[in-house]
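Worksheet: the structure to be examined is printed underneath.
There are 2 protein chains.
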Amino acid sequence: MLEKSWLVLDAFRPTGGPLRLTDVAERCHLPKTTTFRLLTELAEIGAVARRENGYYLGRRLFELGCIVPLERDLRHAALPFMHDLYEATHETVHLGVRDGLDVVYVEKIRGQEAFALPSRVGGRLPLTCTGIGKALLAYSGPELIEEVLARPLRRLTPHSIVDPRRLEEAIGQIQAAGLAYEREEAQPGGACIAAPVFHEGAAVAALSVSVPLPRFHPTRLAPAVKAAALGISRALSRTI
Amino acid sequence: MLEKSWLVLDAFRPTGGPLRLTDVAERCHLPKTTTFRLLTELAEIGAVARRENGYYLGRRLFELGCIVPLERDLRHAALPFMHDLYEATHETVHLGVRDGLDVVYVEKIRGQEAFALPSRVGGRLPLTCTGIGKALLAYSGPELIEEVLARPLRRLTPHSIVDPRRLEEAIGQIQAAGLAYEREEAQPGGACIAAPVFHEGAAVAALSVSVPLPRFHPTRLAPAVKAAALGISRALSRTI
DNA sequence: GGTCGGAGTTCCGTGTCACGGAACGAATTG
DNA sequence: CAATTCGTTCCGTGACACGGAACTCCGACC
């Protein structure tokens, strides 16, 4: 019951709806009757909403999701610096943490003329395909790097790093520069520059600025990104 | 089972944790045994996380909460204007919608030196105590106003409006000015100015700038807020 | 050391209610 | 009108949620 109801909620990934009863049922491999009952109960509770054109994830889920203390201190410390960074660059700013072999984005500031990006707050992307991911990887210790190299590297675009040697090279450069660059490895036409955020000696998060390739001027962006990441690290150490 | 599990999740409001087993049990008025089983199952699922010092709301909830399409178009249209408004004022910017007799905040941009505010994305406050709430109320039709007036007005501070006559007056002024002001009605020492966002003739949301009272200069803020709200309204009409 | 209390956890018998197949009404299509 | 597809209702069966009792830990107090 409980587990099945969360299966139903997961069926709404990644769009949040709308889905029709039948869609949900077959995504979950559940009988229509059961799905119907679950959706009805979830709707009573407010976890999903039903409208004319189907079911959606509901407000109750939104409200609870907002208070998940996931990296709360981190986000609290980071947001002002992210806004400053956005103000300085007017480009999309991301904050991400590592979960397993993925990046999970926990904050995002998007510019008005921002181009379409595959990232989304709460969403995941492979560590090796993103600037934030590579920055985290480079500062997370050799065990993680080995674990990543142990399995085939995932690819999002033709430019994604899939050669283990190239990845090791890239990690070396990141460690030397204190910054990670990414060009069209996550999104055709997009590039980004990322810097790690440290707390108590560990890279707990990373910050990035994403830019359409034609506007990508690493030397101009680097100091701002580095300064913001440093600022967040300092703010973090003050909170504890 | 399903309903009880959501009771358990609600027990984490408004902080998200940490809570000990016993705390959750008595908040929910459930036997400890039952609570224990529910928390264990929820933890397996990822809806809550257990650490040394207690239970927290978990990552799964965060990820699902992020994709709730609640006002998604609205937020998407509004964010760039909110960033601009923040940039122009460097004060906290809110976007809220109405749910019943509450405001639900759906976006918030907070300045670095922002003072403590009772608002939180996903959180609720009474319509009548906030600038956003009053702006929504003033443009939501007489039925809602009557419904609000029918029951005793809630108060957050000594300055909250609790006299029905004063509320009606205030609504009149808001309708005349197209802007709602609020001084220490939600938070001692805080003031705000809010403007409604329209879509297809209805006030679907409202935008506000919150300022510490000493810095509150309505005449300087008003044009920016009004312009941003108008911009969002225009952007909304373009999306559909 | 002994005792108490309160925490988290395990066990298990009972009774309920979740389950899903069958069947139905409505709407759409051929 | 037959045929399909969708959402919904009904209902008998059996799994499993329920919660009281009991147990284990651990710290406080005397």
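In order, the protein sequences belong to chains A and B.
Quick note on our numbering: the first sequence kicks off at 74 and runs consecutively.
Quick note on our numbering: the second sequence kicks off at 74 and runs consecutively.
All residues carry an ideal CB built from backbone N, CA and C; glycine is no exception.
Computed from a predicted structure; not experimentally measured.
Original post:
Under 7 Å between C-beta atoms, does I118 (chain A) make it to chain B?
Top reply: Yes, because at least one Cβ of chain B sits closer than 7 Å to the Cβ of I118 (chain A).
**OP:** Apply the 10 Å Cβ neighbour rule to S306 (chain A) and answer buried if 16 or more other Cβ atoms are within range, or exposed otherwise.
**Re:** In the assembly as shown, S306 (chain A) is a buried residue. Its beta-carbon has 16 or more other beta-carbons within 10 Å.
**OP:** Mind checking which residues open and close the beta strand (DSSP E) that includes G172 (chain A)?
**Re:** Note on identity: in this sequence residue 172 (chain A) is Asp, with Gly being the wrong assignment. D172 (chain A) -> beta strand (DSSP E) spans T165 to D172.
**OP:** Mind checking who I266 (chain B) pairs with in its DSSP beta bridge?
**Re:** B:Y254 and B:V282, per the DSSP bridge assignment.
Subject >> Start-to-end residues for the alpha helix (DSSP H) that takes in P153 (chain B) >> reply: Counting along the chain, P153 (chain B) sits inside the alpha helix (DSSP H) bounded by residues R145 to T162.
Original post:
Is the shortest distance between the beta-carbon of V170 (chain A) and the beta-carbons of chain B less than 7 Å?
Top reply: Chain B contact via Cβ: absent.
**OP:** Work out the CA separation of R86 (chain B) and A208 (chain A) for me, nearest whole Å.
**Re:** Using only the alpha carbons, I get a separation of about 34 Å.
Original post:
Given N126 (chain A), which residues of its chain have a CB within under 6 Å of its CB, disregarding the five upstream and five downstream residues?
Top reply: Within the same chain, N126 (chain A) has close Cβ partners P91.
Original post:
How about F135 (chain B): is its C-beta nearer than 7 Å to some C-beta of chain A?
Top reply: Answer yes: the Cβ-Cβ gap between F135 (chain B) and chain A drops below 7 Å somewhere.
Original post:
Under the DSSP definition of a beta bridge, which residues are partnered with A275 (chain B)?
Top reply: BP columns for A275 (chain B) point to B:H272.
Subject >> For G119 (chain A) and G131 (chain A), believed in contact at Cβ under 8 Å, the rounded distance >> reply: Contact between G131 (chain A) and G119 (chain A) is confirmed by a C-beta separation of about 5 Å, below the 8 Å threshold.
Original post:
Between which two residues does the beta strand (DSSP E) containing A259 (chain A) stretch?
Top reply: That residue, A259 (chain A), is in no beta strand (DSSP E); it is neither H nor E in DSSP.
Original post:
Rounded C-beta distance between L147 (chain B) and V298 (chain B)? I'm assuming under 8 Å.
Top reply: Between V298 (chain B) and L147 (chain B) the Cβ distance is about 17 Å, and since that is not below 8 Å, they are no contact.
Original post:
For a contact meaning CB atoms closer than 7 Å, what does P87 (chain B) contact in chain A?
Top reply: Here the neighbours are I140.
**OP:** Would you check if there are 3 or more beta carbon pairs closer than 8 Å linking the region 169–177 of chain A to the region 266–284 of chain A?
**Re:** The region 169–177 of chain A vs the region 266–284 of chain A: in contact.
Subject >> Euclidean distance between Cα positions of L112 (chain B) and R93 (chain B) >> reply: Between the C-alpha atoms of L112 (chain B) and R93 (chain B) there is a straight-line separation of about 10 Å.
**OP:** Quick one: measure Cβ to Cβ for V81 (chain B) and T108 (chain B), integer angstroms, because I've assumed they're closer than 8 Å.
**Re:** Contact holds; Cβ gap of about 7 Å.
Original post:
Is the Cβ of M74 (chain A) closer than 7 Å to any Cβ of chain B?
Top reply: Interface residue, yes.
**OP:** Give the range of the alpha helix (DSSP H) segment to which A223 (chain B) is assigned.
**Re:** Residues P215 to A223.
**OP:** With a 10 Å radius around its C-beta and 16 neighbouring C-beta atoms as the bar for buried, classify G314 (chain B) as buried or exposed.
**Re:** Any question about residue 314 (chain B) goes unanswered here, given that chain B covers just 74 to 313.
Original post:
Between the region 193–227 of chain B and chain A, which residues of the former have a C-beta closer than 9 Å to a C-beta of the latter?
Top reply: If you check each beta-carbon in the region 193–227 of chain B against every beta-carbon of chain A, the ones closer than 9 Å belong to R193, V194, G195, G196 and R197.
**OP:** Between the Cα of A302 (chain A) and those of A:Q260, A:L115, A:R224 and A:I266, spot the shortest distance and give me the residue it belongs to.
**Re:** Ranking the options by Cα distance to A302 (chain A), first place goes to A:I266.
Subject >> Near-chain B residues of the region 295–309 of chain A - C-beta to any C-beta below 7 Å >> reply: The residues in question: there are none.
Subject >> Rounded separation between S233 (chain A) and E273 (chain A) - CA only >> reply: Taking the straight line from one Cα to the other gives about 31 Å.
Original post:
Under 7 Å Cβ-Cβ, which residues of chain A neighbour G251 (chain B)?
Top reply: Going along chain A, no residue has its Cβ under 7 Å from G251 (chain B), so there is no contact; the nearest lies around 24 Å.
Original post:
Three-state secondary structure (DSSP) at G127 (chain A)?
Top reply: DSSP places G127 (chain A) in strand when its eight states are reduced to three.
Original post:
When the cut-off is 7 Å and only beta carbons count, does L158 (chain B) lie next to chain A?
Top reply: No - not a single Cβ of chain A is within 7 Å of the one on L158 (chain B).
**OP:** Would you give the residue range spanned by the beta strand (DSSP E) that V179 (chain B) belongs to?
**Re:** That run of the beta strand (DSSP E) goes D175 to I182.
Original post:
Starting from L198 (chain A) and walking both ways along the beta strand (DSSP E), at which residues does that stretch end?
Top reply: Residues R197 to P199.
**OP:** Determine the burial state of S33 (chain B): buried for a count of at least 16 other Cβ atoms within 10 Å of its Cβ, exposed for fewer.
**Re:** Within the shown structure, residues of chain B are numbered from 74 to 313, placing residue 33 (chain B) beyond reach of any answer.
Original post:
Which residues share a DSSP beta bridge with A122 (chain A)?
Top reply: DSSP, once it has assigned bridges, lists A:Y129 as partnering A122 (chain A).
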